[in-house]
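Read the structure below first, then the notes.
Okay, structure coming up:
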């Protein structure tokens, strides 16, 4: 069974007349006797459209129950049972009701087509999946109903139903599209002239591309090779040299002179892959091509002119832009330039020869793979001195050998000259050698006359063979040099890529590799800074470190300055770089650009992830606070309302109980707000500790006395413990949080506090251990309990926000200490607090210096009622599970000096 044909009526916006055009075609087919039915037509209550449905057979719609109501959908089964020749199905992008056989109407249409039924349908351009975001950017309205582009591109016919924006707005104003109550809003929003014009342009361009595809298929099927200039396509031939940007911009201006012109940049790589353009320059040209709205193609070919012409004919180009040759005129006599070859062989394609700065005679670049000066010198010495020595030896032994041996020896000298010094020393050896053979070894000797014709032929063959062999040997030698250079380059780049992938900080590795590979003293990677300066981000140059500032005027002092993207520079200090290593410099510069871009993207990703975490934390905070604030506030309000009642006398014990409840809820609310404020200040870096020597024994005993249940805290600290460096107020808060948390989960045993000096570590530190015999925490959760808003264990939801341990760790971090969790031997959880030991002050220290520092230890936290509360874990609320913390108050008042105030002064 043959597959049915799909004809689509495409419009730029609602109301252009797609459905009307489809129904007109349906009536024409019906008048010709075609069996046609209407499967679905959406009239949108437009009288003219509804009138066109009259006279057409309409298949009843399928009714679907959905959420207590009914929806009507296309009845595919009824259409398959009816089997008409043509089915009219409107709105191809429609989404079917839940429970339908297919999710989308275009899938229903595909089933009809597979059954051999032709289909007429409609769609707006903004419903194409690839153009959905474009339409959103233009109109501000996202189309929820879309379909794959392949469905429309695969249609047998696509007819554009076009209308000018002004005519469509008039139709809207007359009420022919929407009801009059919606006209003003539609004209002011979606149906603005600019929106309609942009959507119309998108529809026209999309259809033009589809027409191009159909035309290309037709030409291929018919075997047509001649150019059909249906659209201006400008191919710009690029070498990667400095003139390439000029050619690209000229080609762009030519392409934009005609509407719909295409710009295609073409760079030809050598077929053997040994030579090519500068990678940095090629990448820059790719970006410029994209900025100009063109396409960048790279092709491979042994002959550049042939490759450019083949590519131009392959893309149906109408014009070619090529730069004027940089070679001198005498070189053009020996071999035509690429521009000349392209112009001579272009046929019906127009060729523009564009002059540029590098087209002046004498600005020829040194060929890739050219021999070094030392080899050229050796080649000339071999062709001159060697020729003279060989002649002396052969003249002295002239009677012992024949002319054939003489010719072979001079040919061998010519080949050696080509191997060592290249083409020109070999040509010199061949020509002068022929004259020497003629003069000294060919009869009559001493003249340039040859009496024996076979000798003349032999000498002529010698010259030709010598020149041919020298040419071949020279090319082979150059190719060998290029191959070795390419091998060295590829090996260096492969090792570089491997090393960079394995390094967490690849920029220093890149610079070290560049320094070693190019024999430099050092390398510097710098990015633009305010003013005419550069900031060093990585360096291997002695005396230069990341963060240093380099004046732009000092860039010229480096032997190599490779510009990168976004104004960055790769600077190399050392001897000048050999010509054969310039591509390696470009490769290092390309890697540097990629790494800088990757670091920039990684930084942006980290910032985005941080913002996402912050948003998640805010969401969690709002969700938690909405409960944890409401609970104490409700208790306070209820208690105060009862106490204010004068109509009902309260017994004294009830009044006392209500007052206690209000006080308890107030403490809980105070602790909660304190924790939130403290965590906020820690995250913003507002806490500035002022550390000084602290007696750990006194500090711990003083803190324990203010906890909710000091009777169940067993403090076992040695009296000979050295003082530690800490902020007394912050340390008080940390210990209070941890002790209250341990009391909360101690089980039947007391909380034990011990301390040990860690003498086996690199840093001299004291470890404070706060242990309980509770249920403990799983290893997987030991780090998570220090995150904000975490509750681990069986603590009821709503029992604290889970901030206590997060605040404690934050305070330890700002004091250069550590806080980790470990298992208690025998069961339970132990909090390990480590602080650096305070060593004896120098003799020159003034008495009271530490007290002065301590007195100002609350900078950045003044005005807060502490980091945790006085009356137990999170006030009366209790700790936040094993991840909870102690309650509020003004603990940091205790930082004002080494003498600890009374508890009543510390806690409110």
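Numbering (the working numbering), first residue to last: 60 to 967. Glycine is no exception: its CB is placed at the ideal position from the N, C-alpha and C atoms.
Delimiting residues of the beta strand (DSSP E) encompassing residue i
i, result
"residue 845", "Residue 845 -> no beta strand (DSSP E), and no H or E assigned at all."
"residue 354", "354 to 360"
"residue 295", "292 to 297"
"residue 826", "824 to 830"
"residue 891", "888 to 895"
Straight-line Cα distance separating residue j from residue i
i, j, result
"residue 520", "residue 276", "56 Å"
"residue 138", "residue 149", "14 Å"
"residue 884", "residue 766", "25 Å"
"residue 66", "residue 566", "57 Å"
"residue 408", "residue 273", "22 Å"
"residue 797", "residue 877", "13 Å"
"residue 175", "residue 62", "5 Å"
"residue 804", "residue 708", "41 Å"
"residue 117", "residue 152", "20 Å"
"residue 237", "residue 379", "51 Å"
"residue 467", "residue 448", "16 Å"
"residue 445", "residue 293", "55 Å"
"residue 459", "residue 438", "29 Å"
"residue 78", "residue 242", "20 Å"
"residue 724", "residue 710", "21 Å"
Beta carbon proximity, residue i to chain B, threshold 7 Å
i, result
"residue 153", "The chain labelled as chain B is not found in the depicted structure, where only one protein chain is given."
Per-residue burial, residue i [other beta carbons within 10 Å of its own, 16 or more giving buried]
i, result
"residue 931", "For residue 931, the predicted structure reports a pLDDT of 38, less than 50, and the residue's modelled location is therefore unreliable. A value from the coordinates is still provided. The residue in question, residue 931, is buried, as its Cβ has 16 or more Cβ neighbours within 10 Å."
"residue 811", "buried"
"residue 523", "exposed"
"residue 320", "buried"
"residue 799", "buried"
"residue 854", "Reliability of the predicted coordinates at residue 854 is poor, the pLDDT of 45 falling under 50, and the value obtained from them is presented with this limitation in mind. By the neighbour-count rule (16 or more Cβ atoms within 10 Å), residue 854 is buried."
"residue 397", "buried"
"residue 596", "buried"
"residue 265", "buried"
"residue 602", "exposed"
"residue 866", "buried"
"residue 451", "exposed"
"residue 316", "exposed"
"residue 498", "exposed"
Opening and closing residue of the alpha helix (DSSP H) in which residue i lies
i, result
"residue 197", "191 to 198"
"residue 757", "755 to 764"
"residue 228", "224 to 232"
"residue 247", "239 to 247"
"residue 363", "363 to 373"
"residue 313", "303 to 314"
"residue 281", "252 to 281"
"residue 800", "787 to 803"
"residue 166", "164 to 173"
"residue 470", "462 to 480"
"residue 125", "No alpha helix (DSSP H) holds residue 125; the beta strand (DSSP E) holding it covers 121 to 125."
Nearest-angstrom Cβ-Cβ length linking residue i and residue j, presumed shorter than 8 Å
i, j, result
"residue 488", "residue 473", "4 Å"
"residue 99", "residue 133", "5 Å"
"residue 589", "residue 598", "That pair is no contact at about 20 Å."
"residue 206", "residue 269", "Not quite, the Cβ-Cβ distance comes to about 15 Å (not below 8 Å), so this is no contact."
"residue 691", "residue 728", "4 Å"
Contact under 7 Å by Cβ, residue i with residue j
i, j, result
"residue 354", "residue 323", "yes"
"residue 89", "residue 217", "no"
"residue 181", "residue 144", "no"
"residue 307", "residue 326", "no"
"residue 623", "residue 651", "yes"
"residue 783", "residue 891", "no"
"residue 748", "residue 787", "no"
"residue 817", "residue 828", "no"
"residue 845", "residue 864", "yes"
"residue 366", "residue 299", "no"
"residue 338", "residue 594", "no"
"residue 627", "residue 581", "no"
"residue 469", "residue 505", "no"
"residue 302", "residue 382", "yes"
"residue 178", "residue 146", "yes"
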